[in-house]
Amino acid sequence: MWQYTGKQRPPFADEPGPDQESVWDYPRPPALVPCDALVEVFDVSLLLASTTCSLRILETASPPTFYLPPDAVDWSQLVEVQGSSFCEWKGAATYWSLANDPGGPMVGWSYEQPSSSFAAIMGYTSFYPRLLKCHVDGERVQPQPGGFYGGWITSKVAGPFKGEPGTGHW
């Protein structure tokens, strides 16, 4: 069985094309990178968030996760819900649902008290593109495979991506 060492792309990795990044070149622990692309999140046609000042988290084998600053989010459209998870890098997550469906699915998450390494994302929110319409510079984002992950797949990233069948050991 192949095991990732972090030193080179695995033999099964897709070769990135022009203007693409390979998720296999992303580091572990993850990197936090400022992004000036236009990032928009919609619930159907209702704009929930928009910014040109997001932060991308880049982690080996996963598509980038975009975090939007607090002033980019229409908080009247979201409500904090029960539930939590713990990321070994970022800390404890807070989850959000749509205010018009508070018993519905968790559509986003944030880190209200992130670890010191990820202090820059304090109060920033990311959203699940499998539940909302997320766009980067006008391109509709595809969700990362698997029900748990929140990575944003665009034409700018090459995989394969963690979450697909058979990737549990990555």
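Heads up: the sequence shown at position 30 corresponds to 30 in the UniProt record's numbering, and the numbers run straight through without jumps.
Using N, Cα and C, we set each Cβ at its ideal position, and we do this for glycine too.
Computed from a predicted structure; not experimentally measured.
Heavy atom of the ligand FAD within 7 Å of residue i beta-carbon
i     : result
Thr51 : Annotation note on the ligand FAD: not contained in the displayed structure, which lists no ligands.
Contact under 8 Å by Cβ, residue i with residue j
i     : j      : result
Leu32 : Ile121 : yes
Thr94 : Ala72  : no
Pro70 : Tyr124 : yes
Ala99 : Val81  : no
Outcome for residue i when other beta-carbon atoms lying within 10 angstroms are tallied against a minimum of 16
i      : result
Ser110 : buried
Gly138 : exposed
Arg28  : exposed
Ser97  : buried
Pro11  : exposed
Arg140 : exposed
Rounded C-alpha distance that separates residue i from residue j
i      : j      : result
Asp14  : Gly91  : 31 Å
Pro114 : Ser85  : 12 Å
Pro105 : Ser155 : 27 Å
Asp74  : Ser22  : 32 Å
Pro64  : Ile57  : 6 Å
Gly168 : Gly146 : 10 Å
Close-in-space but distant-in-sequence residues of the same chain around residue i (CB under 6 Å, 5 per side omitted)
i      : result
Lys133 : Phe42
Tyr149 : Gly163
Glu112 : Thr94
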